[in-house]
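In the numbering used here, the protein residues as written are 3 to 90.
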């Protein structure tokens, strides 16, 4: 797990989801892919006894969405990340 740069990966996933959403509207498949990936990454970290890193990863995702007006551009993705943060 140490060799995976989850914050960078999450940053790229969210940036791509936002960019495509600005052009064609939010895509449910992309939303599920990004939210699912973030959830899997957080779960991997928790299983590896790195709960603090999992929480930080979810906070990072929430911050990126807030900085990019995620609630307006990708509302379903924003809601999914919020739900992940509550669940974890």
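Glycine included, C-beta positions come from ideal geometry on N, C-alpha and C.
The criterion of a C-beta distance shorter than 9 angstroms is not satisfied by residue 76 and residue 14. Residue 88 sits exposed, since fewer than 16 C-beta atoms from the chains shown fall within 10 Å of its C-beta.
According to the DSSP assignment, residue 71 belongs to no alpha helix (DSSP H), since it is labelled neither H nor E. For the 9 angstroms CB-CB criterion, residue 79 and residue 32 form a contact. Here the C-alpha atom of residue 40 lies approximately 8 angstroms from the C-alpha atom of residue 60.
Shown here for residue 70: same chain residues with a beta carbon closer than 6 angstroms to its own, the five before and five after excluded, namely 20 in chain order.
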